[in-house]
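*Asks:* Under the numbering used here, the first residue of the sequence shown is numbered 12, with each subsequent residue one higher.
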Amino acid sequence: MDDNRVFSYLYPFDIEYNLFAAAMLYIMWKNVGRQIDENAPHYHGMGPGLREHIPLLGLVAGVSILVIGLVMFIMYEVGTNDHHKHWLSLEAFYIFHVVSLALMCIANIVGIVIFRLDKRYMDNEKNPSRTLDMALLLGAALGQYAISYYSIIAMVSTKPFNILCGLTLGYSALMIIQHSVQNVFIIEGLHRLPPNILFRHVSSNNSRSSRPEESINEEKVKDMDRRQSLTGPPRNSSRRMSRRETLSGHIKSHLKKRKTMKDVYLFLFLCNIIFWIMPAFGARIRFDSGLEVEFYGFTIWAIITNICLPFGIFYRMHSAASLLELYSMA
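As structure tokens, then:
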């Protein structure tokens, strides 16, 4: 293996390291002299209803995408050295990307819809780590936006329009859509308060507001209970049962949403892992197809990909870390 081949493999890792080191130094700089409110509520893990829950659907779907992606990546690498299998392996690799990106878009949209249904307070306080996460997600996504945009222009202008052009066009469009919905999904998830903190706030506020009223009406309630026990069954028993059933239904619905979110988080985490592995270890489908190179020329397209590709790889790595954090707070 010559030096140019080694450099093409290691170059993205060097860019990722520098971006990651700069991000960590920024967090350290912003937290110098920062004081933490001791009275502020802290989050201590998942709720009791979810600690034993295993997201089988997200695990099976994510592992399937991961394994199929590795198989497709091996076939792609083998096919690049065989002229007869080159186009077949390239089209199969594009089809895998299109299907996977479509599934990831659906998972992100499902998560956003659940966010809208599961109303929860948002944490809008200043947080250097969260602000940096948002900036890195949005900034790194610009790399894939740029390379996909230039690829779409090349495919629309290419004549004749063949199957590979259609796959490249669909792949580039889905890449833009998937990055957009995933950014919305992750950023909104990072701003949502964990459910334990929300319930603790609600219960503490309810208990504080109800103490004076309970102390005043305590004797009246006891007298009413005594009278109802002497005259017959309580009149409000059916109402209390309906309230208990309603409360139980709300709790079950809430736990079901949280379990669904764990499936979504795990599936997207594994998908981002495989989409980080493939380009980091040498998958250059936009170069091997030759369509963009033929339209822009080798020099211009090499400049575009060498600038944008490392940001795309870093985006997948950072998205996987953010999704893992959201999974731990589900």
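A virtual CB, placed ideally from N, CA and C, is assigned to each residue, including glycine. Here the structure is a predicted model, which is why all the values come from computation and not from measurement.
Assuming Pro-139 contacts Leu-277 (C-beta within less than 8 Å), just tell me the rounded distance between them.
*Replies:* With a Cβ gap of about 28 Å, Pro-139 and Leu-277 do not count as contacting.
*Asks:* What is the DSSP secondary structure of Met-86, counted as helix, strand or coil?
*Replies:* helix
*Asks:* Judging by CA-CA distance, which residue of Ile-174, Phe-286, Ala-146 and Met-186 is the nearest neighbour of Leu-201?
*Replies:* Ala-146
*Asks:* Is Arg-203 helix, strand or coil when you go by DSSP?
*Replies:* Strand.
*Asks:* Per the DSSP calculation, Met-133 is bridged to which residue(s)?
*Replies:* Arg-203
*Asks:* How about Ser-159 and Ser-191: do their beta carbons lie closer than 8 Å?
*Replies:* The Cβ atoms of Ser-159 and Ser-191 do not sit closer than 8 Å to each other.
*Asks:* Using a threshold of 8 Å, state whether the C-beta atoms of Val-124 and Leu-178 are closer than that.
*Replies:* At the C-beta level, Val-124 and Leu-178 stay beyond 8 Å of one another.
*Asks:* Between Gly-90 and the rest of its own chain, which residues show a CB-CB distance below 6 Å, the 5 nearest in sequence each way excluded?
*Replies:* Lys-96, His-97 and Ser-100
*Asks:* Would a C-beta distance cut-off of 8 Å place Gly-323 and Gln-193 closer than the cut-off?
*Replies:* no
*Asks:* Classify Val-275 as buried or exposed, calling it buried when 16 or more other Cβ atoms lie within 10 Å of its own Cβ.
*Replies:* buried
*Asks:* Am I right that Ala-157 and Cys-282 are in contact with their C-beta atoms under 8 Å? What's the rounded C-beta distance?
*Replies:* Not quite, the Cβ-Cβ distance comes to about 22 Å (not below 8 Å), so this is no contact.
*Asks:* If you reduce the DSSP assignment to three classes, tell me which class Lys-170 lands in.
*Replies:* Three-state result, Lys-170: coil.
*Asks:* Report all residues from its chain with a CB closer than 8 Å to the CB of Thr-271; omit the five preceding and five following residues, and keep chain order.
*Replies:* Val-121 and Ile-125
*Asks:* If you scan the segment 258-341 from start to end, which runs of the beta strand (DSSP E) of 3 or more residues do you find wholly inside it?
*Replies:* For the segment 258-341, not a single whole beta strand (DSSP E) run of length 3 or above is found.
*Asks:* Roughly how many whole angstroms lie between the Cα atoms of Ala-332 and Met-115?
*Replies:* In this model, Ala-332 and Met-115 are separated by some 16 Å (Cα to Cα).
*Asks:* Do you know how far the Cα of Ser-162 is from the Cα of Ile-188?
*Replies:* 14 Å
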